[in-house]
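Report on one structure; see the data block that follows.
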Amino acid sequence: MFTGISHVSIVVPDLDAAARGLEQKYGLKIGAIEVNAEQGVRMAYVELPNAKIELMEPSRADSPVMKFLEKNPHGGIHHFCLGVDSVDAVSAALGSAGVRVLGEGKKQLNVHGERIAFVHPKDFLGALVELEEHASKH
Ligand code: CMX
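As numbered in numbering that gives the first Met the number 0, residues 0 to 137 make up the sequence shown, in order.
Shown next as structure tokens:
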């Protein structure tokens, strides 16, 4: 069902400044900046050998991550992401166990076109969890 940890996602108020800081202070290489218009985020990844760090800032004023930034003006960890073999199958199994998968089954895609869904934070120990569909972990 779960294929591994894909990434940890941090919402930041200024993506370019965050990327510069991680490069200068930690030597972490930031990949290309991309926009997921549907999710309302401008984003980039740090690729590590076993997982990624995702950096996101709102790409529009009504972005869902704007609410997070209003509560956490300096940014912070927004969610972590588990790889799954099938978003539909895992969502159905979790639903049967009483776990709320957000979005009412509406198809959502990450910036790479992979299926994603989010688990209600109150149903995972207070942490927002993204499910991301891919055959093998990356
Ligand atoms: N951490 C903990 N709790 C959170 C949270 C977070 N990051 N974000 C929201 N919540 C809480 C809310 O406070 C709310 O709690 P209550 O039920 O107690 O009020 C609950 O979770 C549901 O949140 P909501 O905003 O009411 O619900 P929505 O269904 O409208 O949206 C969510 C939920 C989390 C999907 C949305 O707010 C969000 O963050 N969307 C962006 C998702 C994202 O990161 N997309 C990027 C994909 C990048 C890519 O790979 O391309």
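Every residue, glycine too, gets a C-beta built ideally from N, C-alpha and C.
Exposure of residue i, with buried meaning 16 or more beta-carbon neighbours within 10 Å
{"i": "Tyr44", "result": "buried"}
{"i": "Ser95", "result": "exposed"}
{"i": "Glu129", "result": "buried"}
{"i": "Val83", "result": "buried"}
Sub-8 Å separation of residue i and residue j beta-carbons
{"i": "Ala50", "j": "Ile4", "result": "yes"}
{"i": "Ile29", "j": "Ala36", "result": "no"}
{"i": "Glu56", "j": "His6", "result": "no"}
{"i": "Leu101", "j": "His119", "result": "yes"}
{"i": "His133", "j": "Glu113", "result": "yes"}
{"i": "Leu21", "j": "Leu14", "result": "no"}
{"i": "His191", "j": "Val64", "result": "The first residue shown for the chain is 0 and the last is 137, placing residue 191 beyond what the model contains."}
{"i": "Ile115", "j": "Leu108", "result": "yes"}
{"i": "Ser58", "j": "Gly39", "result": "yes"}
{"i": "Val110", "j": "Met0", "result": "no"}
Residue i to residue j span [Cα, whole Å]
{"i": "Glu131", "j": "Thr2", "result": "10 Å"}
{"i": "Arg99", "j": "Asp122", "result": "7 Å"}
{"i": "Gln23", "j": "Ala126", "result": "29 Å"}
{"i": "Pro12", "j": "Ile32", "result": "15 Å"}
{"i": "Met42", "j": "Ala91", "result": "29 Å"}
{"i": "Asp61", "j": "Pro48", "result": "34 Å"}
{"i": "Lys136", "j": "Leu81", "result": "Low per-residue confidence applies at Lys136: pLDDT is 43, beneath 50, and the placement is therefore not dependable, though the value from the model is reported in the following sentence. Roughly 9 Å between the two C-alpha positions."}
{"i": "Gly97", "j": "Lys70", "result": "28 Å"}
{"i": "Ala16", "j": "Phe117", "result": "27 Å"}
Legend entry - alpha helix (DSSP H) runs wholly inside the stretch 19-53, at least 4 long, in chain order: None, since the stretch 19-53 contains no complete alpha helix (DSSP H) of that length.
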